[in-house]
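According to the UniProt record's numbering, the sequence shown is numbered sequentially starting from 1.
Notes follow once the structure below has been shown.
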Amino acid sequence: MTDEVTIGAEAGDDARRAALAAEADALRPELHRYAARLVGSVIDGEDVVQDAFARAFTRIGAVSPGTPLRPWLFRIVHNRAIDALRQRRTRREPLETAFALADAGTVDPEDAVMRQEAVRFAVARFAELPVPQRSTVILKDVLDESLADIAALLELSVDAVKAHLARGRARLRSMSETQSEVPRPASAEALNFAALFNAQDWAALRRLLAEDVRLRQARRPEISGAAQVGRFFTYYAEYPRVGVEPARLEGREILLVSDEPASVPAYFMLLEWRDGRIIMIRDHRYATYVMDGAVVTHAARPAEP
């Protein structure tokens, strides 16, 4: 990890926040890449990063002068991801002892090959590794961090990092290729939303909003209420035109967003519904990095009559 950005001894609160905001924005894709693979979901990984940033800004006043911000932010994201895994209660081992030394093995000099392999693996595949192996493989083979920096972040010895890395690499290699989801028909709600959005019927879309609807976008404060969230469609009316298409990601229905039907999707929206009304919109227009490692299944086309 590079330690170029630090908190200066003379920096006031505004300067501290400005330095943190700049570093957090620059690191966001890397932090998401780490969090998504650690929790096994590009969707949940973005939630981890959002929550970690909120925590970081509340703690910045207590950071000692000279503290490098990059490893500090990685540590907060790491801890928040571990918290998320604990809350999920689907782990295969006690997280409290997850970083015990497995053995004192060494790592073969195969970094370049393993980096190519690790990036190719779907995000969800990493969730099949025990947490310590998962963390070390992601940090080394996906983010290309040094063994010393990984050891510092995870509070392990370099020998322990080497051991977990060797085991994690071996387990990844033994896994079969990721199976794609079986295409399923899109829901009536998603089809209706896509039809209205692609027709640019913004008034009809606003009528779908619940009074307590919320809008969440990376790099933007969360807003709530139908009146405020309704402006979301006004912005899309002013942007260069895009289209949406129902699909599935990680077992959840999403709307892929593309410049045109035949183009590669740039990002996606995730909607939550209650009684036919939208109660949450997660729009990733400002976080296109969430598509990194995302395994998307397009909705099944309706059968011909």
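Where a beta carbon is used, it is the ideal one built from N, C-alpha and C, also for glycine.
As the structure is a prediction and not an experimental result, all values here were calculated from the model.
At least one CB of chain D closer than 8 angstroms to the CB of residue i: is that the case?
i     : result
Ala62 : No chain D appears in this structure, which consists of one protein chain only.
DSSP has residue i in a bridge; who is on the other side?
i      : result
Ile278 : Leu209, Trp273
Arg248 : Glu253, Thr297
Phe268 : Leu256
Ser263 : Bridge partners of Ser263: none, in fact.
Gly225 : None, per the DSSP bridge assignment.
Gly243 : Ser258
Please report the straight-line C-alpha distance between residue i and residue j, rounded to a whole angstrom.
i      : j      : result
Glu23  : Asp14  : 14 angstroms
Gln133 : Pro29  : 21 angstroms
Ala52  : Val123 : 20 angstroms
Tyr235 : Val242 : 12 angstroms
Ile254 : Met291 : 12 angstroms
Tyr34  : Val161 : 16 angstroms
Arg207 : Val42  : 30 angstroms
Ile278 : Ala287 : 21 angstroms
Ala166 : Ile150 : 14 angstroms
Ala300 : Phe233 : 27 angstroms
Phe57  : Arg17  : 7 angstroms
His298 : Asn192 : 16 angstroms
Leu147 : Arg86  : 26 angstroms
Tyr239 : Asp259 : 11 angstroms
Please state the DSSP three-state secondary structure of residue i.
i      : result
Ala287 : coil
Arg216 : strand
Ser157 : coil
Pro65  : coil
Thr97  : In this prediction, Thr97 scores a pLDDT of 48, lower than 50, which makes its location untrustworthy; no coordinate-derived value is stated.
Gly45  : helix
Pro185 : strand
Ala122 : coil
Gln87  : helix
Asp103 : Its pLDDT being 49, under 50, Asp103 is placed unreliably by the model, and the measurement read from it follows with that caveat. Here Asp103 sits in coil by DSSP.
Ala237 : helix
Leu31  : helix
Leu129 : coil
Val146 : First, the amino acid is wrong: residue 146 is Ser here, not Val. Coil at Ser146, not helix or strand.
Gly168 : helix
Asp141 : helix
Gln200 : coil
Asp292 : coil
With distances taken from CA atoms, which of the options is nearest residue i?
i      : options                     : result
Arg55  : Gly66, Pro68, Arg75         : Arg75
Ala62  : Asn79, Leu38, Leu20, Arg33  : Leu20
Glu155 : His32, Asn79, Ala18, Tyr267 : Asn79
Gly293 : Asp25, Ala26, Leu38         : Leu38
Trp273 : Ile223, Val213, Thr297      : Val213
Ala26  : His298, Val296, Tyr289      : Tyr289
Asp40  : Ile138, Pro185, Pro65       : Looking at the sequence shown, residue 40 is not Asp but Gly. Checking every option, the nearest Cα to that of Gly40 belongs to Ile138.
Would the region 196 to 216 and the region 166 to 174 be scored as touching if the rule is three or more Cβ pairs under 8 angstroms? no
Count Cβ pairs between the region 208 to 221 and the region 268 to 283 that sit closer than 8 angstroms; are there 3 or more? yes
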